[in-house]
């Protein structure tokens, strides 16, 4: 749906020959790149038209604020204070006076303009290398005015990609479980929001318990666990149409669902008679296949991005550990051997790492290890946190964290947090209610 | 010199008081938990309800375990006897875990605990047709505390009348 609305074209070819600024994202970024986001310029007629439709006084400034926030929260960029800018936005977009931008120590500059054309929003923007005094990229978009936030996210992705050499993750959404009420009787609803917390929307009413929503990497479908009629089953939800259907309707509990990378299968656990095994269901022909067969608990399955392997959680050794097997269930290998318990393995979209939750000596950690179990790295430690989900470019993890209650059992909260793969840039993602079980979508555009 | 001695004595008395009172509070807390837990299995009756006179509705488990304790087996035998006397009643066994585990694993663990109770009821003559198992994982604690005693109350399987 979004792709159809957003017509997207190049006005100039990006100039790749002079890639002078580059941001290294593989190390912890202690020196974010100073950059200036000049407000997108707007002529008075366009400004008035957009004010009527969108109730925003200056949509050009609003879009540039989105870009600024995105780049700032990535931890890789340091957007400079607009008060220090010497050049007016419209003139800067024609030809920046590089000495002025150099003076305030900006290494990169983003300029642009917004027009109201045939009831549509037309945005053009340019990225400049200040030190080399060169244009690095110029793009234009035309879309319906209501899509203005997405334009800000797409510009952010383009800038991120041009400066880091990797795809961005800003034009994405997060699905999660909204939580309210006392800890002993939590009301849980599915909710969805833009990656930056905007456009929050509730998808269920809270009449039944819902858990662990996960995006289809190939479409706007979601799979989750619902206790509808007190029967915990895996469901499928189309977030565009609101249609729901049960997919794991076996005599027992189905849970821990995830999509295959091509979005055509759901992999999940099925619990019966005290043992949990892993199954797949083909969404087209509904054929069910049993993947593991062991008296232990086998759960939290997650495919490798090429679909050839599955990582999962099992207590077949006596305690919760992480395993990897082929997609047909053969060649099962334990990969976690450190001290403590390991759970919730999730394969990185880049394929090289598995993120997990670890419990050791009463503390919970979010960490990553290579797919053979080597190179374990713990990113964050807390009283309780779990359920990491990868950004589509595999650079950031989102997870949830719960607080310890006091002696009277008060003070409980659950919040979403994100952290860079480097272990830096940990930050809370604001939600209108308490929140848990986040899942990051793929990029909505391109 | 004399003053010194008096001061010294006072100090001794004071220290003794402090030591004693510290001991007293520590001991009190220890017995409090001890009275309600064996190992880390809850043995108290705070949260227990009764299906009938002398028939407790729930059994408790050790961390990460689904093994029935001697006390749990006794409770389940009482439940089985009561169910045999009331053949028209069906039950749901609701399995739960504490908050110190990942959500999906705890769902499976709750299911395993409720099934341990189900298996035991079946060996005492209760047909599996009368028993439904439902795991809540860590979603429905009875005690919202973040301490070992609260967690021990939450690791449970509760037998609930279904009709």
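Residue numbers (this note's numbering), protein chains in the order written: chain A, 1349 to 1794; chain B, 25 to 187.
We put the beta carbon where it would ideally sit given N, CA and C, even for glycine.
May I have a chain-ordered list of the beta strand (DSSP E) segments no shorter than 3 residues that lie completely inside the stretch 1683 to 1713 of chain A?
1689 to 1695, 1701 to 1708
Could you check the C-alpha separation between residue 1766/A and residue 187/B for me, to the nearest Å?
46 Å
Residue-chain proximity (residue 103/B, chain A), Cβ-Cβ < 8 Å
no
Where residue 1668/A meets chain B, residues with beta-carbon distance less than 9 Å
88, 125, 126, 129
Identify each residue in the stretch 1469 to 1484 of chain A for which the Cβ-Cβ distance to at least one residue of chain B is less than 7 Å, and report them in chain order.
none
Do residue 1408/A and residue 1465/A come within 8 Å of each other at the CB atom, strictly closer than that value?
no
Please report whether the beta-carbon of residue 136/B lies at a distance below 8 Å from any beta-carbon of chain A.
With 8 Å as the cut-off, residue 136/B counts as an interface residue toward chain A.
Below 8 Å, how does it come out for the stretch 1708 to 1728 of chain A and the stretch 139 to 155 of chain B: are there three or more Cβ pairs, yes or no?
no
Assign residue 1776/A to buried or exposed, taking buried as 16 or more other Cβ atoms, counted over all protein chains shown, within 10 Å of its Cβ.
exposed
Per DSSP, what kind of secondary structure is residue 59/B in: helix, strand or coil?
helix
Can you confirm whether the stretch 1467 to 1482 of chain A touches the stretch 1522 to 1537 of chain A when touching is taken to mean that 3 or more C-beta pairs between the two stretches lie within less than 8 Å?
The stretch 1522 to 1537 of chain A makes no contact with the stretch 1467 to 1482 of chain A, as fewer than three CB pairs between them are under 8 Å.
Which residues, in order along the stretch 157 to 184 of chain B, keep a beta-carbon less than 9 Å from a beta-carbon of chain A?
157, 158, 159, 160, 161, 163, 164, 165, 166, 167, 168, 169, 170, 171, 174
Span separating the alpha-carbon of residue 59/B from that of residue 68/B:
7 Å
Distance check for residue 1730/A and residue 78/B, CA to CA, integer angstroms please.
Straight-line measurement puts the Cα of residue 1730/A at about 43 Å from the Cα of residue 78/B.
Which of the residues in the stretch 1542 to 1565 of chain A, read from start to end, lie with their CB under 9 Å from any CB of chain D?
Although the question refers to chain D, the structure presented lacks it and instead comprises the protein chains A and B.
For my contact list, residue 1662/A and residue 1676/A are in at a C-beta cut-off of 8 Å; report their separation, rounded to the angstrom.
At roughly 17 Å, the Cβ-Cβ gap does not stay under 8 Å, so residue 1662/A and residue 1676/A are not in contact.
Nonlocal neighbours in the same chain, by C-beta distance under 8 Å from residue 1704/A, ignoring five residues either side
1670, 1684, 1690, 1691, 1692, 1693, 1694, 1714, 1715, 1716, 1717, 1736
Three CB pairs or more closer than 8 Å across the stretch 1580 to 1594 of chain A and the stretch 1646 to 1655 of chain A:
Here the stretch 1580 to 1594 of chain A makes no contact with the stretch 1646 to 1655 of chain A; the two share fewer than three CB pairs at distances below 8 Å.
Between residue 140/B and chain A, is any beta-carbon pair separated by less than 8 Å?
yes
Rank 129/B, 75/B, 65/B, 103/B by C-alpha distance to the C-alpha of residue 1605/A and give the top, closest one.
Residue 1605/A has its Cα closest to that of 129/B, out of 129/B, 75/B, 65/B, 103/B.
Does the separation of the CB atoms of residue 158/B and residue 116/B fall below 8 Å?
yes
Which residues does DSSP list as the beta-bridge partners of residue 1650/A?
1659/A
Extent of the continuous beta strand (DSSP E) to which residue 1561/A belongs
1558 to 1563
Report the residue from 1397/A, 1429/A, 1457/A whose alpha carbon sits nearest the alpha carbon of residue 1442/A.
1457/A
If the criterion is Cβ atoms closer than 8 Å, does the pair residue 1429/A and residue 1389/A meet it?
no
Using a Cβ-Cβ cut-off of 6 Å (strictly less than) and excluding sequence neighbours within five positions of residue 1664/A, which residues of its own chain qualify?
Excluding residues up to 5 positions away in sequence, 1642, 1644 lie with their Cβ nearer than 6 Å to the Cβ of residue 1664/A in the same chain.
Candidates 1623/A, 1738/A, 1724/A, 1682/A, of which the one nearest residue 1698/A by Cα
1738/A
Proximity of residue 1607/A and residue 1580/A at Cβ, strictly below 8 Å
The answer is no: Cβ separation not under 8 Å.
Report, in whole angstroms, the separation of the C-beta atoms of residue 1740/A and residue 1520/A, which I expect to be a contact under 8 Å.
Confirmed, about 6 Å.
State the Cα-Cα distance for the pair residue 153/B and residue 1599/A, rounded to the nearest angstrom.
Rounded to the nearest angstrom, the two C-alpha atoms are 13 Å apart.
Thinking residue 1572/A and residue 1561/A are a contact (beta carbons under 8 Å), I'd like their distance in whole angstroms, please.
4 Å
Distance check for residue 76/B and residue 1786/A, CA to CA, integer angstroms please.
43 Å
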